[in-house]
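As numbered in mature numbering (1 follows the signal peptide of the UniProt record, and there is no 0), residues -20 to -1, 1 to 347 make up the sequence shown, in order.
Input: a single structure, listed below in structure tokens.
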Amino acid sequence: MQFSSLVFLICAALITTVLCEADYYKILGVDKKASEKEIKSAYRALSKKFHPDKNPGDEDAHHKFIEVGEAYEVLSDDEKRSTYDRYGHDGLKNGGRPNGGGGGFDPFADFFGFGRQNHQQQRGKPRGHDADVNVDLSLKDFYTGTDFKFDVEMQNLCSKCEGTGSSDGKTHQCGGCNGSGVKVMKRQLAPGMFQQFQTTCDECGGKGKIITHKCKHCGGQAVTRGVRHFEFYVEPGTARDFTHKFKGDGDHSPDWEAGDLLVHLKERSHTNSGYRRRYNDLYRTEVLSLKEALFGEWKREILFFDDDNVTLTRKKGEVVMDGDVEVVKHKGMPILEGAEEFGDLIIEYKVIYPGGAKDQKIFRDEL
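Right, dumping it as structure tokens:
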């Protein structure tokens, strides 16, 4: 009977140990069937909420931020997510196997507190969040191409202490956890029987190191805010809503691998000179009076993006109906990587009919 009770207590403790690793879905607050868009949306909201800039000196927020980044790193990767869904944390540690060699989950080693690496060695640095910038360009910019330069304020490693947070560049091993970032705690399960488990070190906040002399420039935070300069070339024919990626140019920190800076290109509709873009074609509405529509004998020069005007003309007696369409070949948008190919310009004619009696009299006089 005593033996059975002992086995039960050990099994219960082992189950507790297995379940104590945080659920990535719960960390992001999403369902296990969540879409990629839902996961990304949850990650962005939480990473902003717990970002170190908004929570200076808050160690709980700092660890939550790292935890959120780690969860997103796994759930945003189809292969890692599949492995995690099948095998959990253990599968991620062992290359997709539920219990492989090289440091896999050993329940008895976990239970009695030996044979485990510290959590920093197992997990490595999480990935930081991506930063987003919206850029408004004119339709002409998308047509001709343009060199675009911009500045954006980002988080950078402190230039004075080189991201150490220390004025003398030195950090010291935390005495509370001996540099592991975790403390080993014991819990009594029964008389003479204890469970050993790990928890984040409360003295160093899980970093494994202590700063004695804080850098005055960054206040020991290891990071500062500052403006970075970026530039890139928008190719002629680039799609609106295209996203240009500056890899690794997100916010910098010694605690995570930098995410990317994502530049989203938008089109300013009020500067399109009367043209509308649909895929590789351009559309324009041209308004004619009833006299022009019925009798022809008119000519118009339309200003175009490449300064080579488009000529629209009708000979005497040529009739244009309301809603008629004229196609000007190869005067649309450049086709990206299309060997200097272009779409078409579609002219849609709108005929204005006389309104009141006064307008009708003027029209009869013209006839």
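C-beta atoms are modelled at their ideal positions from N, C-alpha and C, and glycine is treated no differently.
Taking DSSP as the reference, what is the three-state secondary structure of D90? Confidence at D90 is low in this model, with a pLDDT of 46, below 50, so its placement is unreliable and the value that follows should be read with caution. Three-state DSSP puts D90 in a helix.
List, from N- to C-terminal side, the alpha helix (DSSP H) runs of 4 residues or more that fit wholly inside the stretch 258 to 341. 270 to 275
Contact check, E47 vs G185 under 8 Å by CB: the rounded distance? Their Cβ separation, rounded to whole angstroms, is 13 Å, which puts E47 and G185 out of contact at 8 Å.
Can you check which of these residues, P334, G108, K309, V54, is closest to F30 by C-alpha distance? G108
Buried or exposed: L8, going by 16 or more other Cβ atoms within 10 Å of its Cβ? buried
Would you kindly work out how many angstroms separate the C-alpha atoms of N158 and G188, rounded to a whole number? 7 Å
How many Å lie between S56 and T63 at the Cα? 12 Å
G155: which of T126, R167, C181, V308 sits nearest, CA to CA? C181
Around the C-beta of H152, are 16 or more other C-beta atoms found within 10 angstroms, so that it is buried, or is it exposed? exposed
Going by DSSP in three states, F30 sits in which element: helix, strand or coil? coil
Measure how close the beta-carbons of H193 and D112 come, nearest whole angstrom, since I'm counting them as under 8 Å. With a Cβ gap of about 37 Å, H193 and D112 do not count as contacting.
Extent of the continuous beta strand (DSSP E) run through F226: 223 to 226
I'd like the span of the alpha helix (DSSP H) that includes K196, first residue to last. Where K196 is concerned, there is no enclosing alpha helix (DSSP H), given that its DSSP letter is neither H nor E.
Tell me where the beta strand (DSSP E) around K246 begins and ends. 241 to 247
Run through the stretch 147 to 220 for me and flag every whole alpha helix (DSSP H) of 4 or more residues, listed as ranges in chain order. none
State yes or no: is the C-beta of Y237 within less than 9 Å of the C-beta of K120? Tyr is not the amino acid found at residue 237; the sequence shown has Glu there. Cβ distance not < 9 Å, so E237 and K120 don't count as in contact.
CA-CA distance, E317 and S269? 41 Å
Measure the beta-carbon distance from T293 to K309 and round it to whole angstroms, keeping in mind my assumption that it falls under 8 Å. Actually they are not in contact, since the Cβ atoms of T293 and K309 sit about 16 Å apart, beyond 8 Å.
In whole angstroms, what separates the C-alpha of K311 from that of D116? 23 Å
Cα-Cα separation between P334 and T251, rounded to whole angstroms: 30 Å
How would you label F130, buried or exposed, when you count the other beta carbons within 10 angstroms and need 16 or more for buried? exposed
Compute the minimum distance between the beta carbon of A219 and the heavy atoms of the ligand HEM, and state whether it is under 8 Å. As presented, the structure is devoid of all ligands, the ligand HEM included, so that no description of it is given.
Quick one: any contact between the stretch 133 to 140 and the stretch 225 to 234, if contact means 3 or more CB pairs under 8 Å? yes
Extent of the continuous beta strand (DSSP E) run through K12: Per DSSP, K12 belongs to no beta strand (DSSP E) and is neither H nor E.
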